[in-house]
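Asker: Numbering (the numbering used here), first residue to last: 7 to 301.
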């Protein structure tokens, strides 16, 4: 049976843990909001880029040089996490990628993988994937730009040195405040159906848009912006999902801690009551003994 002091120490340690969990919950909730705002802002930027591409495609419907299918190799950028305490976040997106590749008739050895997140990179290696490069995920919205640039440089290296023509992004996409689903996006080659939709898009204003730059240069620049947006969005939504997973895990942890505190408090109170009762009995026994002697 645990002593009174042991229960007191355990209760204090558990209450400290509850404080840590509540802090992590608050941080996750704040992070979710900043990534949501980043995606919302990105949507406005993407709209402007698509409008520009639509105008150009009406002049000449063709894919800019450097964005067509230039090789037979396949590359994949998988967005995971650096930190734990987010449930099956990494496992879910990796399992999804495995199934996606299997449906395409590909084996693990058939693709080059860029792992975003050290936790995810470790799992990929244990599963037999060839991790070409690994990077830490940014800790805030401010770090996404630099991380996006690194991924883009790696993709250009793949295309120029490794003959990779197809590039996919695999990441978790938020569905609610505490839920997410893994998704895949084909980054390259550019989707011809998407370009056709932009070509058919109507210009809402009566003012006819004009441009003076060389068509190929401007088209290539806008496509690079589109690819940048796709990578940035994958980062922001993955980080949003990671924090949603962590929030959910912390909510479960907090519930378990509350139950543990209630259990320890009950045991502590019983021990304390037993100790008080024992002391009272000792006092009464001593009083009775003294009363008997005085007679």
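Using N, Cα and C, we set each Cβ at its ideal position, and we do this for glycine too. Since the model is a prediction, treat every value here as computed from it, not as a measurement.
What does DSSP give as the partner residues of residue 188 in its beta bridges?
Answerer: Answer is 178, bridged to residue 188.
Asker: May I ask you to report which of helix, strand or coil DSSP gives residue 85?
Answerer: strand
Asker: Report the partner residues of residue 122 according to the DSSP bridge assignment.
Answerer: Within the DSSP secondary-structure output, residue 122 pairs in a beta bridge with 85, 141.
Asker: Which residues share a DSSP beta bridge with residue 172?
Answerer: 80
Asker: When you compare each of 153, 11, 118 to residue 137 by their alpha carbons, which one comes out closest?
Answerer: 118
Asker: Could you give the distance in angstroms between the alpha-carbon of residue 14 and the alpha-carbon of residue 31?
Answerer: 26 Å
Asker: Is residue 52 near residue 196, with beta carbons less than 9 Å apart?
Answerer: The answer is no: Cβ separation not under 9 Å.
Asker: Locate the alpha helix (DSSP H) running through residue 203, then write down its first and last residues.
Answerer: 198-206
Asker: Kindly give me the distance between the Cβ atoms of residue 47 and residue 248, rounded to whole angstroms, as I take these residues to be in contact under 8 Å.
Answerer: Incorrect: roughly 20 Å between the Cβ atoms, too far for contact.
Asker: Considering only the beta carbon of each residue, do residue 225 and residue 122 sit closer than 9 Å?
Answerer: No, Cβ-Cβ distance for residue 225 and residue 122 is not below 9 Å.
Asker: Compute the distance between the beta-carbons of residue 80 and residue 189, then report whether it is under 9 Å.
Answerer: no
Asker: Spatial neighbours of residue 108 within its chain, please: C-beta separation below 7 Å, excluding the five flanking residues on both sides.
Answerer: none
Asker: Can you tell me the Cα-Cα spacing of residue 90 and residue 237, whole angstroms?
Answerer: 23 Å
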